[in-house]
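Colleague:
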Amino acid sequence: MNKKTARIISLLCLCLFPISALSQCTDQLCKNLEIIATAAKFDFREYRQNQTAGPDISTNDAKVACQMSAWANNVPMYMCYAQVPPANAENWYATTLRALQRLEPSWRFQIRSPDGDHFVDAGPEGCEIPPNRGPYIGQCPLHLQAVRQKDGTVRLHYWMNSLSSPYLFPRPPDPAPKTVPPAPTP
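Residue numbers for the sequence shown follow the numbering used here, so the first one is 263 and each next one is one higher.
(1) Between which two residues does the beta strand (DSSP E) containing Trp421 stretch?
(2) Out of Gln407, Arg410, Thr415 and Gly385, which one is the CA nearest neighbour of Gln401?
(3) Where does Ala324 sit, in a helix, a strand or coil, going by DSSP?
(4) Expressed to the nearest angstrom, what Euclidean distance is found between the alpha-carbon atoms of Phe430 and Asp323?
(5) Under a Cβ-count criterion, where at least 16 other Cβ atoms within 10 Å of its own Cβ denotes burial, should Glu296 be classed as buried or exposed?
(6) Helix, strand or coil for Cys389? Go by DSSP, reduced to three states.
(7) Should Ala299 go down as buried or exposed, given a rule of 16 or more other Cβ atoms within 10 Å for buried?
(8) Kindly indicate which residue of Gln372, Tyr355 and Thr357 has the alpha-carbon position closest to the one of Glu390.
(9) Output needed for Gln345: all residues of its chain with C-beta closer than 8 Å, excluding positions within five of it in sequence on either side, in chain order.
(10) Give a yes or no on whether the C-beta atoms belonging to Tyr309 and Met341 are separated by under 7 Å.
(11) Taking Leu430 as part of the alpha helix (DSSP H), name the residues at either end of that continuous run.
(12) Considering only residues of the same chain and omitting the five flanking positions on each side of Pro403, which have a CB-CB separation below 7 Å?
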C-alpha cells in the first residue's frame, strides 16, 4: 500500500471516530491527553514508526515524562511516570482525572482510593480492570494512579493502551487450579 492510499484510509477512519472533545480542551494537559487518546485509536503508529516523542502530561506542579512501551503480548501503550511531593501529586491527579472525564464522558471511570492512594481504570461501558499480564479485548485501556512511597513522595503513573492493536485478543481463560491426587490409603 502506498503512502497516499494509507493517508486516505487514515483520514476516512478518523471521520468514523467521534472527536467531540476538540472544543473541550483549554489547557495544555487536556490537549496532550487528547493527542494521546487519538494516537491510541491508531495503535500509536506515529510514535512507533517515526520514533517521535509524544506529548508529556505535566502540570505546573508535576513534571510527568512519557514514552512508548509495549506489554508482553506486544500491545503498545503510552506510559507516563513521575515521583513528586504529596501536594503536587494530589493536584496533578485531580486535574488529570477531571480532564480525562471531560475528554471521554461516555467512558466508565472505576475509581478506588484506599488509604489515600488513588487508582483509576477507565474505558467503554462494561470494561473490566486488567490484570498485570497485559491488556485484552474488553479490558479498560486507561489506567491512572497516585501511590504514596515510603520516602514521603508520591509515585504517579498513567498509561493508555492501544485501542486498535492487532495483538488485542480475547482474554485467555484462567489456568485450571492444580489438584493434588489424594494420598493412597493403607
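Built from N, CA and C at the ideal position, the CB exists for glycine as well. Quick caveat: nothing in here was measured; it's all calculated off a predicted structure.
Modeller: Once the coordinates are examined:
(1) Where Trp421 is concerned, the enclosing beta strand (DSSP E) stretches over Val416 to Asn423.
(2) When C-alpha distances from Gln401 are compared across Gln407, Arg410, Thr415 and Gly385, the shortest belongs to Gly385.
(3) Correct three-state label for Ala324: coil.
(4) Note on residue identity: the sequence assigns Leu, not Phe, to residue 430. Annotation: Leu430 to Asp323 spans about 35 Å, alpha carbon to alpha carbon.
(5) Buried.
(6) Reduced to three states, the DSSP call for Cys389 is coil.
(7) By the Cβ-count criterion, Ala299 is buried, with 16 or more other Cβ atoms from all chains shown falling within 10 Å of its own Cβ.
(8) Checked all of Gln372, Tyr355 and Thr357; the closest Cα to Glu390 is Gln372.
(9) For Gln345, the CB contacts under 8 Å within the same chain, skipping 5 residues up- and downstream, are Gln411, Thr415, Val416, Arg417 and Leu418 in chain order.
(10) Contact flag unset, no.
(11) That residue, Leu430, is in no alpha helix (DSSP H); it is neither H nor E in DSSP.
(12) The beta carbon of Pro403 sits closer than 7 Å to the beta carbons of Ala302, Gly385, Pro397, Met422, Asn423 and Leu425 from its chain, once the five residues preceding and following it are set aside; these are given in chain order.
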